[in-house]
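Asker:
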Amino acid sequence: MAAPKPRVKVPNSAKVGEVIEVKTLISHPMESGQRKDKSGAIIPRKIINKFVATYGGEEVFSVDVGPAVSANPYIQFSMKVPAAGDLHFAWTDDDGSVYEMTKSIAIA
Amino acid sequence: MTFTRRDTLVMGAGAAALMALPLSASAATDEAVAAAIAAFTGGAATAAGGVDIGAPEIAENGNTVPIDVSADGAASILVLAAGNPNPGVATFHFGALAVPAAATRIRLAGTQDIIAVAKMADGSFREARRTVKVTIGGCGG
Amino acid sequence: MFNGKLHGLTAACAAAAFAVGGAAGGAAWADPDDHELVIDGESIVTEVAAQPGNPLGTLYSGWRYRTPETQALQMDDFENPVMLQVDLARDVWSVAEGEAGKSCALCHDDVEVSMIGVKAGYPKMNAGAGKAFALEHQVNACRTERMGADAWKWESQDMIGMTALIGLQSRGMPVDIDDDALAPVIAQGKDIYNTRFGQLDLSCANCHEDNNGVMIRADHLSQGHGNGFPTYRLKWQGTGTLHRRFKGCMDNIRAEPYKRGSEEFTALEAYIAWRGQGLSVETPSVRN
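Protein chains in written order, with the numbering used here: chain D, 4 to 111; chain H, 394 to 534; chain B, 5 to 292.
#1: Determine, using beta carbons only, whether G29 (chain B) comes closer than 7 Å to chain D.
#2: Distance, Cα to Cα, C532 (chain H) vs Q227 (chain B)?
#3: Distance, Cα to Cα, A259 (chain B) vs F250 (chain B)?
#4: Is any beta-carbon of chain B found at less than 7 Å from that of G533 (chain H)?
#5: By alpha-carbon positions, which one of D:V68, D:S35, D:E61 and D:M82 ends up nearest to D54 (chain D)?
#6: Return no unless some Cβ of chain D is closer than 7 Å to the Cβ of W241 (chain B).
#7: Quick one: what's got a C-beta closer than 7 Å to S289 (chain B)'s C-beta in the same chain, skipping five residues either side?
#8: For E273 (chain B), is the classification buried or exposed, using 16 other Cβ atoms within 10 angstroms of its Cβ as the cut-off for buried?
#9: Measure from the C-beta of A32 (chain B) to each C-beta in chain H and report whether the shortest distance is under 7 Å.
#10: For I451 (chain H) versus A509 (chain H), is the C-beta distance shorter than 7 Å?
#11: Could you pull out every residue in the same chain whose Cβ sits closer than 8 Å to the Cβ of V90 (chain B), ignoring the five residues on either side in sequence?
#12: State whether the region 456-466 of chain H contacts the region 431-439 of chain H, with contact taken as three or more CB pairs (one from each stretch) at a distance under 8 Å.
#13: Looking at the C-beta of E536 (chain H), does it have a partner C-beta in chain B at a distance below 7 Å?
#14: Is there a Cβ from chain D that is less than 7 Å from the Cβ of F485 (chain H)?
#15: Using the three-state DSSP reduction, which class does H212 (chain B) fall into: helix, strand or coil?
#16: What are the partner residues of F233 (chain B), as DSSP defines its beta bridges?
#17: What do you reckon, are the CB atoms on T95 (chain D) and N52 (chain D) nearer than 7 Å?
#18: Using beta carbons (cut-off 7 Å, strictly below), is P478 (chain H) in contact with chain B?
#19: Exposed or buried, which one is G455 (chain H) when buried takes at least 16 other CB atoms within 10 Å?
#20: In chain order, what residues of the same chain have a beta carbon less than 6 Å from the beta carbon of S98 (chain B), not counting five sequence neighbours either side?
#21: By Cβ distance below 6 Å, which residues in the same chain neighbour K194 (chain B) in space, the five residues on each side in sequence not counted?
#22: Could you tell me whether any Cβ in chain D is nearer than 7 Å to the Cβ of P56 (chain B)?
#23: Please report whether the beta-carbon of K83 (chain D) lies at a distance below 7 Å from any beta-carbon of chain H.
#24: Mind checking whether the beta-carbon of I190 (chain B) lies closer than 6 Å to any heavy atom of the ligand MN?
#25: Would you be able to state if there are at least three C-beta pairs under 8 Å between the region 31-47 of chain D and the region 72-88 of chain D?
Next up, the structure:
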């Protein structure tokens with residue numbers, strides 16, 4: 004599988020106190036551990052199990068992700084923007100890999 | 394009575410517009426669901442209402458069902474799929490800056506209830522359920 | 005070819021399907037809905053009158069047969085799961101590969117300029133090879149002959165991503181192939197389309213021409229156009245090619261499928277493109 008690639012949609016700027024919508028996607032098969040291969044053996048589970056969004060170093064939103072979340076997990080949330088800052092995203096794979104992305108938000 | 398292929402197509406078409414996938418024996422039991430809720434609430438009771446679940450009435454394919462959950466004043470929301478082999482789907486945690494609402498896409502093994510349990514800021518718990526009919530449409534590989 | 009009896013049955017099951025399904029959504033399950041496809045502000049044509057000689061009267065994109073939730077996935081380039089692969093292909097476009105040390109970009113420069121309208125004209129008659137080419141054939145011809153690189157497998161993520169990226173540059177443009185140059189290939193494709201195959205003894209036409217709009221079990225049958233491929237299918241939880249879709253249908257009717265990239269599937273693709281001319285390219289689309 005190609006390395007998981009994240010994508011996020013975040014406004015470039017917001018007014019102080021404005022609520023913004025944040026959309027995130029990451030390419031990942033989310034192998035649930037329920038499927039069997041041709042020989043009947045279970046295909047081992049391999050999923051993104053955690054998603055964390057932090058702003059100015061503080062956790063804003065996080066998800067404990069289970070195998071029932073669809074492949075190429077889509078996660079959307081909303082947050083209030085207190086001041087200009089960096090919105091940092093981290094996705095953790097079962098195998099320990101962490102995929103990250105950061106978006107800066109300016110004050111309009 | 395012999396059915397021609399055309400008859401089968403017609404009968405199938407007319408009768409099965411809402412054909413739902415029957416759940417197999419491996420579907421989650423009520424105990425598993427109750428255990429998942431108890432693990433989240435520490436055994437505390439949940440009150441009905443105060444949690445909204447958005448989901449399609451009929452999901453065209455169980456692989457990718459868009460859902461959203463929200464609960465005013467919630468610190469976290471647990472999402473369960475009562476009819477999946479394992480009921481746990483995801484748990485959303487909301488920090489101070491977050492609006493207590495989230496959306497994602499989930500896998501549903503068949504027609505079943507989605508259950509959302511919200512842990513409120515004051516430590517109490519609220520619960521809601523919503524039925525999603527899951528169809529097994531989609532010919533072609 | 006199909007007598008009035010089947011048409012009568014079709015009308016009956018359309019009515020029955022509507023009666024059963026009416027409680028669920030309100031809109032008639034029998035017909036495609038009347039939603040409008042707008043992707044990030046751009047309006048895409050999903051309904052058009054068929055040309056003379058087309059067995060269909062009005063052409064409807066497969067998008068019009070899907071549930072609102074599935075439709076929504078295609079209406080936003082962020083939410084469209086194929087776009088992840090398109091991004092990867094954008095990177096690949098600029099990377100030199102093969103013995104000649106060339107990248108796609110070296111000859112074709114900016115994909116968003118050079119590839120405008122290209123997918124809309126496929127399949128194409130390739131004079132040098134003396135046969136019809138699907139876009140995948142052309143990509144591999146460039147790779148092997150010009151770049152000195154290995155051919156990509158038909159259903160590889162590389163090929164799917166690249167044809168999705170190229171196809172995206174035709175999005176919104178009408179499917180428009182060279183009918184004259186492809187005439188014998190289209191005829192061959194039409195033949196295959198109307199031939200019954202497999203243990204279930206069904207032809208493409210049985211479902212997609214005689215029963216489009218009707219439910220087959222819980223699937224709302226479309227007219228079977230190819231204008232959105234490669235497409236993300238919820239069923240596949242991934243993106244796949246038109247030839248994969250053909251193969252899947254043949255597997256379903258318990259027939260021995262032709263191979264992806266074969267002359268037969270390319271002819272079928274040509275007929276389907278002919279039959280769907282005028283509809284907008286929707287690549288990369290989202291289907292069930």
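Glycine residues also receive a C-beta, built at the ideal position from the N, C-alpha and C atoms.
Values in this document were obtained by computation on a predicted structure and should not be read as measured data.
Answerer: Taking the definition as stated:
#1: Confidence at G29 (chain B) is low in this model, with a pLDDT of 39, below 50, so the placement of that residue should be treated as unreliable; the coordinate-derived value is given next. Not one chain D Cβ lies under 7 Å of G29 (chain B).
#2: Distance between the alpha carbons of C532 (chain H) and Q227 (chain B) is about 13 Å.
#3: The straight-line gap from Cα to Cα measures roughly 11 Å.
#4: G533 (chain H) counts as touching chain B.
#5: It should be pointed out that residue 54 (chain D) corresponds to Phe in this sequence rather than to Asp. Closest by alpha carbon: D:V68.
#6: Looking at the sequence itself, residue 241 (chain B) is Gln, so the reference to Trp does not match. Under the Cβ criterion of 7 Å, Q241 (chain B) is counted among the residues facing chain D.
#7: W67, Q78, G232 and T235
#8: buried
#9: Residue placement at A32 (chain B) is flagged as unreliable, the pLDDT there being 41, under the threshold of 50; the coordinate-derived value follows with that caveat. Cβ-Cβ to chain H under 7 Å: no for A32 (chain B).
#10: No Cβ-Cβ contact shorter than 7 Å links I451 (chain H) with A509 (chain H).
#11: G165, A168, L169, L172 and P288
#12: The region 456-466 of chain H, when compared against the region 431-439 of chain H, does not touch it at the 8 Å Cβ threshold.
#13: Nothing can be reported for residue 536 (chain H): it is not among the residues displayed for chain H, which extend from 394 to 534.
#14: F485 (chain H) counts as touching chain D.
#15: helix
#16: None, per the DSSP bridge assignment.
#17: yes
#18: No, no contact with chain B.
#19: buried
#20: S107 and A109
#21: Excluding positions up to five away in sequence, the list reads Y275.
#22: So, not an interface residue.
#23: Yes, because at least one Cβ of chain H sits closer than 7 Å to the Cβ of K83 (chain D).
#24: In the structure shown, the ligand MN is absent, as is every other ligand, since no ligand is present at all.
#25: yes
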